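Peer 1: Next up is a structure, given as structure tokens.
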Ligand code: FAD
């Protein structure tokens with residue numbers, strides 16, 4: 090097929106939450122924008138095979154789990170009958186509706202959407218292999234790389250078998266296996282493990298390190314671990330998978346503990362969720378001055394500009410944390426910078442949420458990070474057993490924590506574990522980002538009875554004046 094020549098002011102490569110947010114912002118600021126992605130509509134990993142489908146399935150899991158909890162309140166439901174085909178169709182419908190909507194928004198903004206894969210020829214030209222088989226040579230003034238990430242594979246470990254899946258395979262939910270091994274105790278493994286265990290699979294999680302959600306405040310994780318102990322068949326820590334072999338009746342897995350002890354176990358399915366790698370290969374970056382770190386992330390400055398002045402990079406491909414909202418905000422900053430605005434990506438707090446049951450969410454500085462920075466902080470802990478709202482939900486195991494600078498009384502970090510922690514953390518993000526002091530949070534009237542009051546009460550504890558938690562006055 091002949092090569093078509095096109096030109097644009099801004100080419101955005103990758104239509105995930107980073108890419109489409111950047112493209113929309115640039116179009117809103119008056120730039121001519123071309124967005125390139127292989128899918129039918131923008132959406133990327135987040136909308137097609139990440140945040141959105143996983144949360145649709147987790148919603149179903151929550152419904153089932155709450156119906157089980159209801160037995161304690163005198164309400165007993167029969168065992169749910171699960172129609173996997175219908176469940177999958179519902180989840181696919183959510184994805185279709187959302188991605189279709191984003192596609193419409195692109196049209197309304199006159200963003201040209203090209204279905205295909207792009208590669209740099211030089212610092213001002215892309216070659217796009219279009220989905221329809223055509224080749225497009227696209228010249229641009231600026232480009233934003235937003236090509237995202239993909240699951241890490243362990244080739245020598247994972248046999249090429251339909252029984253061994255990654256997060257995309259798990260979201261495609263073909264059936265509910267009798268037994269499932271989740272390799273990796275990070276957020277994706279725990280979220281997908283929660284879905285499958287609630288739907289009836291016997292789930293075992295194996296984690297190389299000494300705890301689930303490595304790196305996260307142990308106090309927040311311990312609440313989750315207790316509940317997962319009841320939901321999962323087993324949680325095996327300090328252990329790696331050293332061998333996997335397909336057999337007629339499943340995957341035989343050899344687990345090796347830190348002390349060298351091995352055990353063999355058979356699983357119907359194995360979900361590998363051991364992290365994600367940035368998509369910075371096969372982009373023709375060698376034809377530009379763009380620099381890539383050892384881990385494959387594209388190096389960028391505060392405006393998200395790379396070492397090549399015409400090219401910017403955002404989202405998962407431009408560094409941790411690999412989260413959709415971080416990608417979108419970076420995308421908007423890059424678009425503004427390209428349109429000539431004086432901007433920088435300098436957040437005080439990027440929230441992280443694990444959508445398990447209970448949810449775990451945090452933002453800003455942890456106690457450990459504050460100490461590393463030489464800050465004198467006080468960590469306040471409000472147990473949800475003292476919250477009226479959590480009692481009405483039958484979920485008193487949650488906790489709300491504030492990390493407060495003793496001298497300035499500023500809220501530096503917030504951590505929450507409990508139902509809806511993912512929504513509640515937004516107030517914490519606002520407090521940290523606005524430089525609020527504990528009194529700002531404590532003096533703000535929170536609606537009663539809500540879980541949001543736990544933030545207000547935690548702030549009051551700092552002054553020894555919390556209504557529902559007694560602590561001898563200190564200041
Ligand atoms: P992506 O969303 O990865 O999009 C990149 C796009 O670029 C893709 O469509 C890709 O096909 C395309 N592309 C790649 N190469 C090229 C090329 N050469 N030319 C053209 N197009 C190209 N994050 C959260 O914040 N909250 C969550 O709850 C959450 N849940 C998740 C659950 C799962 C199971 C997974 C896998 C991820 C989850 N994430 C979540 C992470 C989130 O999906 C990513 O952080 C986010 O999608 C990153 O956005 P992005 O724009 O950088 O790239």
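Numbering (this note's numbering), first residue to last: 90 to 564. The beta carbon of each residue, even a glycine, is placed where N, CA and C say it ideally should be. Given the structure is predicted, the values throughout are model-derived calculations rather than measurements.
So, at 8 Å on beta carbons, what are the nonlocal neighbours of residue 392 in its own chain, with the 5 sequence-adjacent residues on each side left out?
Peer 2: Around residue 392: 401, 422, 423, 426, 432, 433, 434.
Peer 1: Whole angstroms are fine: how far does the CA of residue 522 sit from the CA of residue 501?
Peer 2: Going from the Cα of residue 501 to the Cα of residue 522 covers about 9 Å.
Peer 1: Taking the alpha-carbon positions, what's the residue 363 to residue 412 distance?
Peer 2: So the alpha carbons of these two residues sit roughly 16 Å apart.
Peer 1: Suppose the cutoff is 8 Å on Cβ atoms and the five residues either side in sequence are ignored; what does the same chain contact list for residue 137 look like?
Peer 2: So the qualifying residues of the chain are 128, 184, 188.
Peer 1: Among the candidates 214, 552, 139, 236, whose CA atom is the shortest distance from the CA of residue 95?
Peer 2: Among 214, 552, 139, 236, the Cα nearest to that of residue 95 belongs to 214.
Peer 1: Suppose the cutoff is 6 Å on Cβ atoms and the five residues either side in sequence are ignored; what does the same chain contact list for residue 315 look like?
Peer 2: Hits under 6 Å: none found.
Peer 1: Measure from the alpha carbon of residue 206 to the alpha carbon of each residue in 371, 169, 536, 335, then state which is nearest.
Peer 2: Closest by alpha carbon: 371.
Peer 1: Residue 581 and residue 359 look like a contact to me (Cβ under 8 Å); what is the Cβ gap, rounded to whole Å?
Peer 2: Absent from the structure is residue 581, since the part of the chain shown begins at 90 and ends at 564.
Peer 1: Nearest CA to the CA of residue 507: which residue from 429, 537, 450, 524?
Peer 2: Residue 450 is the option with its Cα nearest to residue 507.
Peer 1: Helix, strand or coil for residue 208 per DSSP?
Peer 2: Residue 208 falls in the strand class under three-state DSSP.
Peer 1: Regarding residue 372 and ligand 1, is the C-beta to nearest heavy atom distance less than 8 Å?
Peer 2: True, at least one ligand heavy atom lies under 8 Å from that Cβ.
Peer 1: Would residue 495 and residue 529 qualify as a contact pair, given that the criterion is a beta-carbon distance under 9 Å?
Peer 2: The answer is no: Cβ separation not under 9 Å.
Peer 1: Would you say the beta carbon of residue 414 comes nearer than 8 Å to a heavy atom of ligand 1?
Peer 2: It does: the Cβ of residue 414 is within 8 Å (strictly closer) of some heavy atom of ligand 1.
Peer 1: Near residue 329, what residues of its chain come up, given a Cβ to Cβ distance below 7 Å and the 5 sequence neighbours on each side ignored?
Peer 2: Same-chain partners within the cutoff: 297, 345.
Peer 1: Verify the CB distance criterion: does residue 311 have a CB-CB separation below 9 Å to chain C?
Peer 2: The structure shown contains no chain C; it is built from a single protein chain.
Peer 1: Can you find a heavy atom of ligand 1 that lies under 8 Å from the Cβ of residue 135?
Peer 2: The answer is yes for residue 135.
Peer 1: Kindly identify the DSSP beta-bridge partner or partners of residue 294.
Peer 2: Note: residue 294 sits in a beta bridge opposite 271, 324.
Peer 1: Out of curiosity, what's the CA-to-CA distance linking residue 117 and residue 161?
Peer 2: Their Cα atoms are separated by approximately 53 Å.
Peer 1: Since residue 288 and residue 265 should fall inside the 8 Å C-beta cutoff, what is the C-beta to C-beta distance between them, to a whole number of angstroms?
Peer 2: Correct: roughly 5 Å between the Cβ atoms.
Peer 1: Can you tell me whether residue 113 is helix, strand or coil according to DSSP?
Peer 2: Helix.
Peer 1: Across the region 463 to 479 and the region 541 to 552, are there enough close Cβ pairs to call them in contact, namely three or more that are closer than 8 Å?
Peer 2: As far as the Cβ criterion goes, the region 463 to 479 touches the region 541 to 552, which means the pair count is three or higher.
Peer 1: With residue 560 as the anchor, note down where its alpha helix (DSSP H) starts and where it stops.
Peer 2: Segment: none, residue 560 is in no alpha helix (DSSP H) and carries neither H nor E.
Peer 1: For residue 276, list the residues DSSP reports as bridge partners.
Peer 2: DSSP lists no partner for residue 276.
Peer 1: Since residue 567 is in the beta strand (DSSP E), which residue starts that stretch and which ends it?
Peer 2: The chain is shown from 90 up to 564; residue 567 falls before or after that span and cannot be answered.
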